[in-house]
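The listed protein sequences derive, respectively, from chains U and G.
Numbers 1 to 343, taken from our numbering, label the letters of the first sequence in order.
Numbers 1 to 502, taken from our numbering, label the letters of the second sequence in order.
Quick reminder that beta carbons are idealized off the backbone N, C-alpha and C, glycines included.
For reference, the structure is listed below as structure tokens.
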Amino acid sequence: MIWWLRQSWTFAGALVLFVALFTLYNLLHPRGFSTAVLVQNANESVAITLLAMAQTLPVLMGGLDLSVGAVMTLTSCIASELLHGGPVEILLGMAVTLAAGAMFGFANGLIVVYGRIQPIIATLATGAIAIGLALLIRPKPGGNVDDDLNWALTNTVWDFADTYGLADGGDATWLQPFVNIPVPLILLFGVVVLVWMPFKRCVTGRTVYAIGSAEGAAFMSGLPIQRAKIAAFTLAGFLAGCGGLYLAIQTASGNADMVQAGAYTLNSIAAVVLGGTSLLGGTGGLVASLVGAFILRVISFYFRILDIDPLLQPLVEGLVLLAAVSVGAIHALRIKNRLELFR
Amino acid sequence: MTAPIVELTGISKHFAGIRALEGVDFAARAGSIHAILGENGAGKSTLIKIIAGVLRPDRGEIRLAGAPVSFASPAQAGAAGIVCMFQELSLIPDLTVADNISIADPPRRFGLIDRRAQHRRAEELLARVRCEDVDPRAPLSSLSLSRRQMVEIAKALGRVPRVLILDEATSALTAKDVQTVYDLLGLLKADGVTSLFISHRMHEVEALCDTLSVFRNGRHVETFAKGSRSDADIVRLMIGREVEALFPPKPAPRLRDPLVTVRDLGWEDRLRGVSLNLGRGEILGLGGLDGQGQKELMLALFGVLRGVEGKVEIGGRQGMASSPASAKAGHTRIALVPEDRKTEGLMLSLSIADNLVAAAYDRICTGPLIDTAKAAKLVEEGMIALRIKAGSPQDAVSTLSGGNQQKVVIAKWLAVGPEVILLNDPTRGIDVGTKQEIYRLMRELADQGKAILFYSSDYAELIGCCDRVAVLYDGRVIRELTGEEITEEALVSASLNIGQAA
């Protein structure tokens, strides 16, 4: 625990910042600390959080993925076409949506590894392709998403159980401790536990860290570098697909909006940095980016309750980001051989 | 006599036309500790990289326990039982000690890394190298260099080697750790493991190894049992050639007023009290094996390092430069021709002209603007003075040969108008003709009254060029040689710290 804190004190700092910001927000909010506010906040945070998680993987290897926002847009358009009908059809639609995201990430990985193209430029191109495909699928905003699904996944556990008649419609005794938790938070928790934790604990995941930390040493140690790169981009695509799927369910529609895709991509990078993952690679993780994304969202929530000109929002967000990343740059002062700063 | 476990026949390897190994036959017996000796650039590193699967030979055959093998990667060699500890550590700084020890093949449960088992494994292996004080959960980057090297040893042990290659594995270790490694190698030997041991410390070789092989100029000279040759014989085998008459004549040695005085210079654990004087018109060589602090000494004088201790007086003023910018602009200007011309010396994609003026903008500017006429003049002067052969000064510097690239670096620094010139291995990897020109230039500069500090990994250069040589060992000057005293025997034995041999 001590090592963990010392190593990821930027993450610890981000966590403290988030808790402070969120507590203050609830204190200032007229209906603070209520389930309704929490549910609303959670819903608005899921897509960017999943995208920040997606962005984390290429960043851990010392690269950037500029296609995550576009892949999210593409998959949300796919989902808006498929998420209706019977339960089997809906589940199949979800699977197709997530598979599409993963496939896109897989393609990114192949291009980076076998095309030997830098991630930033490869994904700039594939991102444009994703938006193009999204426009073909959905030239105009709209879609057909199952109403129950929309309601169940954007409210509390009780509402979920009530919608699908599970656990006595949400009134079962064992469920009571959990009824007020927003479903979107459970989904994020699920992604971390079921996807990230296993990934981090397999050799492929560890190789991702090794690549970002010292690719030469990783090669000398006989690690599967190519496999890890492809896997990381595939997982990034999958997580972006999760974001797209949720966005489609939340808004009950799809929208091939290029501007929104770009903004989401840039915000995902900001969230990763805020969480404490180094852009040079090697340190950080998905959970850190989750916190980073939360911070980014909480700041925007403030503008609703504080009667500040919404025009100031980008300015303040920029200042907070700058302050946070400056803290991370302090380590440069401790380097004794200044030539190492440039390596 | 047991059968050879590793056997190389007719191995050759060339890099861009430069011979690294030529027709090498080499064999190591199972259960022996086999030292590989040679000067810098003799081909030792290439040899072990070929055995460990990092490089593939151009020609020749490798046999492991009698069967021919061909490794495409370090992973394959590792799987066959050849485990190598490289000079540049193969550890990953951001992962924990336990992660690093089990990096290639961690214990797994249900396909996932079993962290508890990995932790136990790390504890066991660390205990075997008597490093119980290292916390397996600590990130590697939190350890000192000597602890990292022990982790590297633990990692190698964990891979159950049949052949263990130690390339300068003890260079950063404390005396206690060195003893631990000795004991460990003894135990491994009893188990029939072969160790290939590369070290520049003769007393270690004496204490540990049963067989010695000497390499020189990419060739295997001789293999013999320990004790069958004297230290002096070994040194002669390592040198084995005549010093060619490449060098301009030297002036008679005389006492000079020091321009640069260094006293008790210390930095981290790389410099441990360096003291020397450097006079006007003098070429002072820095001798010793690679990595004894020569490079750090130059970086310290040039203001690159932070936290340097000790006294420096340059041109009658106390104190050292705080940055390269202040070093080159101080009242006594200092220039450094760096070790790696491709990353620290040149901006490869820029033109020759842009590189030539890169350090001397203060001389070609009128107010805030670059005066193109002055710049063109400076470029022309530099190209003529160093006889840089190029189509046009506007060509990218990357299009030049290695020798001409190095001339550009030197011309760039001479454009600054320095009085103290630090040369860090300026002739590495360049052709003989250009080397000769550089030697002559050095002498001309000295005769103009510049003070030159010259590090070279080639002893012949030190002998041919220098008025004096300070031999560094372990971050200290252990011997100073003047005039006739500068011989290969004296340099090699001082480098190895084995007293006045021969």
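### Task
Only counting runs of 4 or more residues, tell me where the alpha helix (DSSP H) segments fall wholly within the region 115-162 of chain U, in order along the chain.
119-137 and 147-153
### Task
Could you tell me which of GLY62/U, PRO182/U, VAL259/U and CYS202/U sits nearest to GLY111/G, measuring between CA atoms?
The residue given as residue 111/G occupies position 111 in the second sequence. Checked all of GLY62/U, PRO182/U, VAL259/U and CYS202/U; the closest Cα to GLY111/G is CYS202/U.
### Query
Based on the DSSP secondary-structure assignment, which residues constitute the bridge partners of GLY266/G?
Translated into the one-based positions of the second sequence, residue 266/G becomes position 266. Paired residue(s): ARG272/G and GLU309/G.
### CB contact flag (TYR473/G, GLY288/G, <7 Å)
Here residue 473/G is taken as the residue at index 473 of the second sequence, counted from 1. Here residue 288/G is taken as the residue at index 288 of the second sequence, counted from 1. Their beta carbons are under 7 Å apart, which means TYR473/G touches GLY288/G by this criterion.
### Meets three-Cβ-pair contact criterion under 8 Å: the region 39-58 of chain U and the region 178-189 of chain U
yes
### Message
Under DSSP, the beta strand (DSSP E) around LEU472/G begins and ends at which residues?
### Response
In the second sequence, counting from the first residue as 1, residue 472/G sits at position 472. Looking at the DSSP string, the run of the beta strand (DSSP E) that includes LEU472/G is 468-473.
### CA-to-CA distance, SER326/U to GLY254/U, given in whole angstroms
Mapped onto the first sequence, residue 254/U falls at position 254. Mapped onto the first sequence, residue 326/U falls at position 326. C-alpha separation (whole angstroms): 37 Å.
### Query
Is the distance from the Cβ of PHE160/U to the Cβ of ALA167/U below 7 Å?
Indexing the first sequence from 1 puts residue 160/U at position 160. Indexing the first sequence from 1 puts residue 167/U at position 167. Going by C-beta atoms, PHE160/U is not nearer than 7 Å to ALA167/U.
### Message
Using a Cβ-Cβ distance cut-off of 7 Å, determine whether LEU423/G contacts chain U.
### Response
The sequence position of residue 423/G within the second sequence is 423, counting from 1. It does not; no Cβ of chain U falls within 7 Å.
### Query
Should PRO87/U be labelled buried (16 or more other beta-carbon atoms within 10 Å of its own) or exposed?
Here residue 87/U refers to the residue found at position 87 of the first sequence. Exposed, since its Cβ has fewer than 16 Cβ neighbours within 10 Å.
### Query
If you run the structure through DSSP and keep just helix, strand and coil, what is LEU246/G?
Taking the second sequence and counting its residues from 1, one reaches residue 246/G at position 246. Coil at LEU246/G, not helix or strand.
### Task
For THR251/U, name the three-state secondary structure that DSSP assigns.
Counted from its first residue, the first sequence places residue 251/U at position 251. Helix at THR251/U.
### Query
Between the region 190-215 of chain U and chain G, which residues of the former have a C-beta closer than 8 Å to a C-beta of the latter?
PRO198, ARG201, CYS202, VAL203, ARG206, TYR209, ALA210, GLY212, SER213 and ALA214
### Query
Which partner residues of ASN424/G appear in the DSSP bridge assignment?
Along the second sequence, one-based indexing puts residue 424/G at 424. ASN424/G is bridged to TYR455/G.
### Query
Count the other CB atoms within 10 Å of the CB of ASN180/U; is the residue buried (16 or more) or exposed (fewer)?
Sequence index remark: in the first sequence, residue 180/U carries index 180 (1-based). So ASN180/U ends up on the exposed side.
### Query
For a contact meaning CB atoms closer than 8 Å, what does LEU305/G contact in chain U?
To locate residue 305/G, count along the second sequence from 1; it is residue 305. Ordered by position in chain U, the residues that pass the 8 Å Cβ test against LEU305/G are LYS336, ASN337 and ARG338.
### Through-space distance from GLU317/U to ASP148/U, alpha-carbon basis
Residue mapping note: residue 148/U aligns to position 148 of the first sequence, counting from 1. Residue mapping note: residue 317/U aligns to position 317 of the first sequence, counting from 1. ASP148/U and GLU317/U: Cα-Cα distance of roughly 35 Å.
### Task
Report the option in LEU8/G, ARG306/G and LEU348/G whose CA atom is closest to the CA atom of ILE335/U.
Here residue 335/U refers to the residue found at position 335 of the first sequence. It is ARG306/G whose Cα lies nearest to the Cα of ILE335/U.
### Message
At the 7 Å Cβ level, is ILE478/G part of the contact set with chain U, yes or no?
### Response
By 1-based counting over the second sequence, the position of residue 478/G is 478. Taking Cβ atoms only, chain U never reaches closer than 7 Å to ILE478/G, which makes this a no.
### Task
Could you please give me the residues that DSSP links to GLU61/G through a beta bridge?
If you number the second sequence from 1, residue 61/G lands on position 61. Its beta-bridge partners are THR9/G.
### Query
Between the region 17-31 of chain U and the region 66-74 of chain U, do three or more beta carbon pairs fall short of 8 Å?
no
### Task
Tell me, please, which residues DSSP counts as bridged to GLN406/G.
Taking the second sequence and counting its residues from 1, one reaches residue 406/G at position 406. Note: GLN406/G sits in no beta bridge, so no partner.
### Message
Using a Cβ-Cβ distance cut-off of 7 Å, determine whether ASP94/G contacts chain U.
### Response
Within the second sequence, residue 94/G is the residue found at index 94, counting from 1. Yes, ASP94/G counts as interfacial toward chain U.
### Task
Check the Cβ-Cβ distances between LEU341/U and every residue of chain G, and say whether any is below 7 Å.
By 1-based counting over the first sequence, the position of residue 341/U is 341. Cβ-Cβ to chain G under 7 Å: no for LEU341/U.
### Task
Give the secondary structure of THR207/U by DSSP, where H, G and I count as helix, E and B as strand, and everything else as coil.
Your numbering for residue 207/U matches position 207 in the first sequence. Three-state result, THR207/U: helix.
### Task
Reducing DSSP to helix, strand and coil, say where ARG29/G ends up.
In the second sequence, residue 29/G corresponds to position 29, counting from 1. Strand, per DSSP.
### Query
Buried or exposed: where does LEU8/G fall if 16 or more other Cβ atoms within 10 Å of its Cβ makes it buried?
Counting from one through the second sequence, the residue named residue 8/G turns up at place 8. Looking at its Cβ environment, which holds 16 or more other Cβ atoms inside 10 Å, LEU8/G is buried.
### Message
To the nearest angstrom, how far is the alpha carbon of MET442/G from that of ASN277/G?
### Response
Taking the second sequence and counting its residues from 1, one reaches residue 442/G at position 442. Taking the second sequence and counting its residues from 1, one reaches residue 277/G at position 277. If you take the alpha carbons of MET442/G and ASN277/G, they lie about 18 Å apart.
#### Entry: Alpha carbon of LEU258/U to alpha carbon of GLU309/G, nearest angstrom
The sequence position of residue 258/U within the first sequence is 258, counting from 1. The sequence position of residue 309/G within the second sequence is 309, counting from 1. Residue identity differs from the one stated: residue 258/U is Met in this sequence, not Leu. When rounded, the distance between both Cα atoms is 57 Å.
### Query
By Cβ distance below 7 Å, which residues in the same chain neighbour GLN405/G in space, the five residues on each side in sequence not counted?
On the second sequence, position 405 is the one that residue 405/G refers to. Excluding positions up to five away in sequence, the list reads ARG341, LEU346 and VAL397.
### Message
Determine whether the beta carbon atoms of SER195/G and ILE82/G lie at a separation below 7 Å.
### Response
Position 195 of the second sequence holds residue 195/G. Position 82 of the second sequence holds residue 82/G. Going by C-beta atoms, SER195/G is not nearer than 7 Å to ILE82/G.
### Message
Using only CA atoms, which one of GLY43/G, GLU339/G and ARG109/G lies nearest to GLY218/G?
### Response
The residue given as residue 218/G occupies position 218 in the second sequence. Of the candidates GLY43/G, GLU339/G and ARG109/G, the one whose C-alpha sits nearest the C-alpha of GLY218/G is GLY43/G.
### Task
Could you tell me whether any Cβ in chain G is nearer than 7 Å to the Cβ of GLY282/U?
If you number the first sequence from 1, residue 282/U lands on position 282. So, interface residue.
### Message
My assumption, with CB atoms under 8 Å, is that SER456/G sits in contact with THR427/G. Please give the rounded CB distance.
### Response
To locate residue 456/G, count along the second sequence from 1; it is residue 456. To locate residue 427/G, count along the second sequence from 1; it is residue 427. Yes, SER456/G and THR427/G are in contact; Cβ-Cβ is about 7 Å, under 8 Å.
### Query
Quick one, which of SER495/G, LEU47/G, GLY192/G and ILE51/G has its alpha-carbon nearest LEU286/G's?
Taking the first residue of the second sequence as 1, we reach residue 286/G at position 286. Nearest of SER495/G, LEU47/G, GLY192/G and ILE51/G to LEU286/G, Cα basis: SER495/G.
### Task
Compare the C-alpha of VAL337/G against each of SER351/G, ILE421/G and ARG280/G and name the closest.
Stepping through the second sequence from its first residue, residue 337/G is reached at position 337. Among SER351/G, ILE421/G and ARG280/G, the Cα nearest to that of VAL337/G belongs to ILE421/G.
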